[in-house]
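Protein chains in written order, with the working numbering: chain U, 306 to 710; chain C, 306 to 710. Here a beta-carbon is modelled for each residue, glycine too, at the ideal position from N, C-alpha and C. Quantities reported herein were computed from a predicted structural model and do not represent experimental measurements.
Number of protein chains: 2
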Amino acid sequence: MSKIAVLGFGTVGSGTVEVFCKNKSNYCKKTGQSLDIKYILDVRDFPESPYADKFVKDFDTIVNDPEVTVVAELIGGNTFAYDCVKRALQAGKSVVTSNKELVATKGAELLQIAAEKNVNFFFEASVGGGIPIIRPLQQCLMSDEITSIAGILNGTTNYILTKMLKESAEFADVLAKAQELGYAERDPEADVSGGDACRKICILASLIFGEHIYPEDVYTEGVTSITKEDAEYAANWGGVIKLIASAQKCGKCLEIVVCPCFVSCESQLSGVDDVFNAILVRGEATGEVVFYGRGAGKYPTASAVVADILNAVKNESKNICWKEKGAESCVVDYKKQEHRFYLRLADTDKAKVSELFGDVEFLNRANMPEGEIALITPELCREELDKKCGDLKVLGKIQLFDIGG
Amino acid sequence: MSKIAVLGFGTVGSGTVEVFCKNKSNYCKKTGQSLDIKYILDVRDFPESPYADKFVKDFDTIVNDPEVTVVAELIGGNTFAYDCVKRALQAGKSVVTSNKELVATKGAELLQIAAEKNVNFFFEASVGGGIPIIRPLQQCLMSDEITSIAGILNGTTNYILTKMLKESAEFADVLAKAQELGYAERDPEADVSGGDACRKICILASLIFGEHIYPEDVYTEGVTSITKEDAEYAANWGGVIKLIASAQKCGKCLEIVVCPCFVSCESQLSGVDDVFNAILVRGEATGEVVFYGRGAGKYPTASAVVADILNAVKNESKNICWKEKGAESCVVDYKKQEHRFYLRLADTDKAKVSELFGDVEFLNRANMPEGEIALITPELCREELDKKCGDLKVLGKIQLFDIGG
Numbered sequence: 306m307s308k309i310a311v312l313g314f315g316t317v318g319s320g321t322v323e324v325f326c327k328n329k330s331n332y333c334k335k336t337g338q339s340l341d342i343k344y345i346l347d348v349r350d351f352p353e354s355p356y357a358d359k360f361v362k363d364f365d366t367i368v369n370d371p372e373v374t375v376v377a378e379l380i381g382g383n384t385f386a387y388d389c390v391k392r393a394l395q396a397g398k399s400v401v402t403s404n405k406e407l408v409a410t411k412g413a414e415l416l417q418i419a420a421e422k423n424v425n426f427f428f429e430a431s432v433g434g435g436i437p438i439i440r441p442l443q444q445c446l447m448s449d450e451i452t453s454i455a456g457i458l459n460g461t462t463n464y465i466l467t468k469m470l471k472e473s474a475e476f477a478d479v480l481a482k483a484q485e486l487g488y489a490e491r492d493p494e495a496d497v498s499g500g501d502a503c504r505k506i507c508i509l510a511s512l513i514f515g516e517h518i519y520p521e522d523v524y525t526e527g528v529t530s531i532t533k534e535d536a537e538y539a540a541n542w543g544g545v546i547k548l549i550a551s552a553q554k555c556g557k558c559l560e561i562v563v564c565p566c567f568v569s570c571e572s573q574l575s576g577v578d579d580v581f582n583a584i585l586v587r588g589e590a591t592g593e594v595v596f597y598g599r600g601a602g603k604y605p606t607a608s609a610v611v612a613d614i615l616n617a618v619k620n621e622s623k624n625i626c627w628k629e630k631g632a633e634s635c636v637v638d639y640k641k642q643e644h645r646f647y648l649r650l651a652d653t654d655k656a657k658v659s660e661l662f663g664d665v666e667f668l669n670r671a672n673m674p675e676g677e678i679a680l681i682t683p684e685l686c687r688e689e690l691d692k693k694c695g696d697l698k699v700l701g702k703i704q705l706f707d708i709g710g
Numbered sequence: 306m307s308k309i310a311v312l313g314f315g316t317v318g319s320g321t322v323e324v325f326c327k328n329k330s331n332y333c334k335k336t337g338q339s340l341d342i343k344y345i346l347d348v349r350d351f352p353e354s355p356y357a358d359k360f361v362k363d364f365d366t367i368v369n370d371p372e373v374t375v376v377a378e379l380i381g382g383n384t385f386a387y388d389c390v391k392r393a394l395q396a397g398k399s400v401v402t403s404n405k406e407l408v409a410t411k412g413a414e415l416l417q418i419a420a421e422k423n424v425n426f427f428f429e430a431s432v433g434g435g436i437p438i439i440r441p442l443q444q445c446l447m448s449d450e451i452t453s454i455a456g457i458l459n460g461t462t463n464y465i466l467t468k469m470l471k472e473s474a475e476f477a478d479v480l481a482k483a484q485e486l487g488y489a490e491r492d493p494e495a496d497v498s499g500g501d502a503c504r505k506i507c508i509l510a511s512l513i514f515g516e517h518i519y520p521e522d523v524y525t526e527g528v529t530s531i532t533k534e535d536a537e538y539a540a541n542w543g544g545v546i547k548l549i550a551s552a553q554k555c556g557k558c559l560e561i562v563v564c565p566c567f568v569s570c571e572s573q574l575s576g577v578d579d580v581f582n583a584i585l586v587r588g589e590a591t592g593e594v595v596f597y598g599r600g601a602g603k604y605p606t607a608s609a610v611v612a613d614i615l616n617a618v619k620n621e622s623k624n625i626c627w628k629e630k631g632a633e634s635c636v637v638d639y640k641k642q643e644h645r646f647y648l649r650l651a652d653t654d655k656a657k658v659s660e661l662f663g664d665v666e667f668l669n670r671a672n673m674p675e676g677e678i679a680l681i682t683p684e685l686c687r688e689e690l691d692k693k694c695g696d697l698k699v700l701g702k703i704q705l706f707d708i709g710g
């Protein structure tokens, strides 16, 4: 008999309870155990809910109940949620969470406690919503050396960029519409700044590189400065603009960056539109593998949370979660890494630009104003790029995506 | 200490030995156990091989050695390979295999023996080569009700169809070139007839529907009759032609079919080109998830085999593999299922066709000969379609792919 506690009855929390209760009898068959949700923790009252008798307001009730073996943390943030998760693990309960902020900032410590207590800390739902990515990375690819991972990890910005390109619209207008439709939060800061994607790539990078990578060590650039003109030039070049979060091994070091990129139409990531997410994993033996699906949403995320709950039940009192190897890699200075870049410049001419950058590829769009030049540079690092751009009037600057074939 | 035996030193067998030996020290760390390949079974001699001392010719040596805990069957076929796998399982050794024919035809029996002996029978490499699909299906999606699965599961035919479309070439010419390049076998029958894809969809369907589905129960149509004219009409319609293997729940029953399909450019499967494979899984809560990568090849397949070996080592004496629930579903008659179809007809006219089929969508291509008509029918079943086509001169007939959004 396993009793489960769900912390937080918001979108993902209520979805988790709903998915679990709908399929409960199946789960009991699959795990060979009797399972049920015993508690739901929320500060609010839900007198009309069919689960009204399960609500509690005090976490102590949960943490002190020896019947509870699995806690699903779906509160968010890293203050109260962190406290609950830590206490649950210390009390010998397994924890599953969809909270990317918590995993990205406190994952190393929480995994350590889980190992000491011989319980599990799972977080499949923290990256890619319903896309199975963390477990496949750990298990199926454990035979291979993974050299890079790159993804479209934020559905809101991908929706905005898709609309900008397809409807030739401006960022602010599309964002307003996305907020109206509920695809973007009223405070879209974490999405549009790249912060959300940054937390997710930190989680994936930590798994692959065996050392915890913290968000503050990652260069993160959002999408707020992307214009519809940039999108038109991307189309002329033969690609689209996507917010890419990537981590790539360079010897013992790691290049990890979140920034908008020109993505060629040849890349599998270029066709990932609207709120969908995709993660491209490159392994030495495996080659390229791409995982694609809904990166957010009530039910996709809830189904990943429930899968983790079932996995925790099946592995009660047996720590099977991933262990960090300890510091073997280091994050390299992103400014020193060479890439090609798209530049959009005003008040200049092709001769001047060619002299400065060498062999460039010029781009076109309809109704280009006099003195506007758009181009793709040869490979150079950001430091050098910024130096060369010193005297130029730069209207747009976007890296080219260069992972994968 | 776990000793492993590899059966067969062909492409996948030698790749498996190579990948394993290269990363052995890592694997020992990851599994916390000392691991090694003790035997390689092959009828041939490999005196120059760095592993020459491991070769044996008699399976008895392996099956009678209590040190061997995991056997990797990479021989192929379902005669000698079947005998070895059965004996290994009965002797209490876990078995991993890339042999789709064996799993599709004998999987139910072998899983049963593995369960009785409390060992494992894993076959991640039998579908999708290096793409993690079987374990994600079992584990990550175990929380969800999977309603359909559809994929491009054969790299050879996908390469041929891609070339036909992109280079406007005929089937026979592209096949000859593919054989020259080593992308197609000298005897391409299993690939071009759809037989290979059929075995793979049977394996996936069995997992999802909880009952073993046998290849002989599946309607299978190959790609040999596809012409470059069909590909041109597909482009005019807004799609491409792909060999699709699909399985879909209809209540308690199952529709399972392998056939070429018109796939809309809106579908994630349309962009899967050359030798790549992709599998689209649709779950009630999860929505659509797509897994993409190299579906064959020495190293991608070997890395999946090695992942299974490591998983077998980690779960020694604990049967964690999937169990069939027993007959709950049945394969429905594919002729009674409604779809839309593309038809290419000679010696007819639009009025006659419209009268016969109702509201059709006509297609065009460059240099259409007099009397040729190409169209998309409304929804109807194959039985009805064949009846209506009775008096027509049919040059091409291809189903429209209609799974997913």
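Item to check | Beta-carbon neighbours of Q573/U, restricted to chain C and to distances below 8 angstroms | outcome: Your numbering for residue 573/U matches position 268 in the first sequence. Those within 8 angstroms of Q573/U in chain C are G576, Y597.
Checklist entry - Cα separation between G663/U and Y524/U? => result Numbered from its first residue, the first sequence carries residue 663/U at position 358. Numbered from its first residue, the first sequence carries residue 524/U at position 219. Rounded to whole angstroms, G663/U to Y524/U spans 27 angstroms at the Cα level.
Checklist entry - What residues in the region 420–450 of chain U have a beta carbon less than 8 angstroms from any beta carbon of chain C? => result E429, G435, I436, P437, R440, P441, Q444, C445, L446, M447, S448, D449, E450
Item to check | Beta-carbon contacts of K405/U that lie in its chain and below 6 angstroms, excluding the five residues immediately before and after | outcome: Position 100 of the first sequence holds residue 405/U. These residues qualify, in order along the chain: S431, R504, K505.
Next on the checklist: Against chain C, does T467/U count as a neighbour if the rule is that its beta carbon must be under 9 angstroms from one of theirs?
Outcome noted: Working through the first sequence from its first residue, we reach residue 467/U at position 162. No, because no Cβ of chain C sits closer than 9 angstroms to the Cβ of T467/U.
Item to check | Cutoff 9 angstroms: E589/U Cβ touching any chain C Cβ | outcome: As a first step, residue 589/U must be located in the first sequence, where it is residue number 284. Yes, because at least one Cβ of chain C sits closer than 9 angstroms to the Cβ of E589/U.
Item to check | Helix, strand or coil at R349/C according to DSSP, with G and I counted as helix | outcome: On the second sequence, position 44 is the one that residue 349/C refers to. If DSSP states are grouped into helix, strand and coil, R349/C belongs with coil.
Checklist entry - Can you list, in chain order, the residues of the region 375–403 of chain U whose Cβ is nearer than 7 angstroms to any Cβ on chain C? => result none
Next on the checklist: Give me the DSSP bridge partner(s) of L650/C.
Outcome noted: Your numbering for residue 650/C matches position 345 in the second sequence. DSSP lists I678/C, V699/C as partners of L650/C.
Checklist entry - Is the region 472–484 of chain U touching the region 509–524 of chain U, taking contact as three or more C-beta pairs under 8 angstroms? => result no
Checklist entry - With burial defined as no fewer than 16 other Cβ atoms inside 10 Å of the residue's Cβ, what is the status of A583/U: buried or exposed? => result As a first step, residue 583/U must be located in the first sequence, where it is residue number 278. Its Cβ being crowded by 16 or more others within 10 Å, A583/U is buried.
Next on the checklist: For Y626/U, count the other beta carbons within 10 Å of its own beta carbon; 16 or more makes it buried, fewer makes it exposed. Which is it?
Outcome noted: Translated into the one-based positions of the first sequence, residue 626/U becomes position 321. The sequence given here places Cys at residue 626/U; Tyr does not occur at that position. By the 10 Å Cβ count, C626/U comes out buried.
Checklist entry - So what does DSSP say about V577/U, is it helix, strand or coil? => result In the first sequence, residue 577/U corresponds to position 272, counting from 1. V577/U: coil per DSSP, three-state reduction.
Checklist entry - chain C beta carbons: is any one of them nearer than 9 angstroms to that of F325/U? => result As a working mapping, residue 325/U is identified with position 20 in the first sequence. For F325/U, the answer is yes, since a Cβ of chain C falls inside 9 angstroms of its Cβ.
Checklist entry - Can you list, in chain order, the residues of its chain whose CB lies under 6 angstroms from that of S473/U, leaving out five sequence neighbours each side? => result Translated into positions along the first sequence, residue 473/U becomes position 168. Cβ neighbours of S473/U beyond the five flanking positions: K533.
Next on the checklist: Please tell me whether Y332/U has its Cβ less than 9 angstroms away from any Cβ of chain C.
Outcome noted: Translated into positions along the first sequence, residue 332/U becomes position 27. Output row for Y332/U: interface = yes.
Next on the checklist: Output needed in chain order: residues of the region 456–484 of chain U with a Cβ under 7 angstroms from some Cβ in chain C.
Outcome noted: none
Item to check | L442/U to Y604/U span [Cα, whole Å] | outcome: Within the first sequence, the letter at position 137 stands for residue 442/U. Within the first sequence, the letter at position 299 stands for residue 604/U. About 22 angstroms.
Checklist entry - For E560/C, is the classification buried or exposed, using 16 other Cβ atoms within 10 angstroms of its Cβ as the cut-off for buried? => result Here the question's residue 560/C lines up with position 255 in the second sequence. The residue is buried, with at least 16 neighbouring Cβ atoms inside 10 Å.
Checklist entry - Which parts of the region 494–560 of chain C are runs of the beta strand (DSSP E), unbroken and 3 residues or longer, counting only runs that do not cross its ends? => result 544–555
Next on the checklist: Within 9 angstroms of any Cβ in chain C, is that where the Cβ of E621/U sits?
Outcome noted: Residue numbering aside, residue 621/U sits at position 316 when the first sequence is read from its first letter. It does not; no Cβ of chain C falls within 9 angstroms.
Next on the checklist: Distance cutoff 9 angstroms, beta carbons only. Does G320/U sit that close to anything in chain C?
Outcome noted: By one-based count along the first sequence, residue 320/U stands at place 15. Answer yes: the Cβ-Cβ gap between G320/U and chain C drops below 9 angstroms somewhere.
Next on the checklist: Measuring only the C-alpha atoms, how far is E475/C from G592/U?
Outcome noted: The residue labelled residue 475/C in the question sits at position 170 within the second sequence. The residue labelled residue 592/U in the question sits at position 287 within the first sequence. Taking the straight line joining both Cα atoms gives about 30 angstroms.
Checklist entry - For P355/C, is the classification buried or exposed, using 16 other Cβ atoms within 10 angstroms of its Cβ as the cut-off for buried? => result Taking the second sequence and counting its residues from 1, the one referred to as residue 355/C is at position 50. Result: exposed.
Checklist entry - Which word fits K692/C, buried or exposed, when buried means at least 16 other C-beta atoms lie within 10 angstroms of its C-beta? => result Here residue 692/C refers to the residue found at position 387 when the second sequence is read from its first residue. By the 10 Å Cβ count, K692/C comes out exposed.
Checklist entry - Closest by CA to G433/C, which one among K359/C, A413/C, I508/C? => result Along the second sequence, read from residue 1 onward, the residue named residue 433/C stands at position 128. Per the Cα distances, I508/C.
Item to check | Interface partners of K335/C on chain U, CB under 7 angstroms | outcome: On the second sequence, position 30 is the one that residue 335/C refers to. Residues of chain U passing the Cβ test: M447.
Checklist entry - So with Cβ pairs under 9 angstroms, would you call N624/C a contact of chain U? => result Looking up residue 624/C in the second sequence gives position 319. Taking Cβ atoms only, chain U never reaches closer than 9 angstroms to N624/C, which makes this a no.
Checklist entry - According to the Cβ coordinates, are C564/C and G544/C closer than 9 angstroms? => result What you label residue 564/C is simply residue 259 of the second sequence in a count that begins at 1. What you label residue 544/C is simply residue 239 of the second sequence in a count that begins at 1. For C564/C and G544/C, no; Cβs fall outside 9 angstroms.
Next on the checklist: Let's test the definition: count the other Cβ atoms within 10 Å of the Cβ of R491/C and tell me whether it reaches 16, buried, or not, exposed.
Outcome noted: Position 186 of the second sequence, counting from 1, holds the residue named residue 491/C. R491/C is exposed by the Cβ-count criterion.
Checklist entry - From this set, E589/C, G588/C, V595/C, R349/C, which residue's C-alpha is nearest F581/C's C-alpha? => result Sequence index remark: in the second sequence, residue 581/C carries index 276 (1-based). Checked all of E589/C, G588/C, V595/C, R349/C; the closest Cα to F581/C is V595/C.
Item to check | Residues that L668/C contacts on chain U, provided the C-beta gap is smaller than 8 angstroms | outcome: Residue 668/C sits at position 363 when you count from the first residue of the second sequence. Per Cβ cutoff of 8 angstroms: no residues; L668/C is ~24 angstroms from chain U at best.
Item to check | Reference I681/U, options L697/U, R649/U, R392/U, A656/U, closest by Cα | outcome: In the first sequence, the residue the question calls residue 681/U occupies position 376. When only C-alpha atoms are compared, the closest one is R649/U.
Item to check | Amino acids of chain C, ordered along the chain, whose beta-carbon sits closer than 7 angstroms to that of P355/U | outcome: For the purposes of this step, residue 355/U is identified with residue 50 of the first sequence, where counting begins at 1. Those within 7 angstroms of P355/U in chain C number zero; the least Cβ separation is about 18 angstroms.
Checklist entry - Three-state secondary structure (DSSP) at L666/U? => result Start at 1 with the first residue of the first sequence, and residue 666/U comes out as number 361. For the sequence presented, residue 666/U should be read as Glu rather than Leu. In this structure, E666/U counts as strand in the three-state DSSP scheme.
Item to check | Local Cβ density within 10 Å of E421/U, reported as buried at 16 or more and exposed below that | outcome: By 1-based counting over the first sequence, the position of residue 421/U is 116. When all chains shown are included, E421/U counts as exposed.
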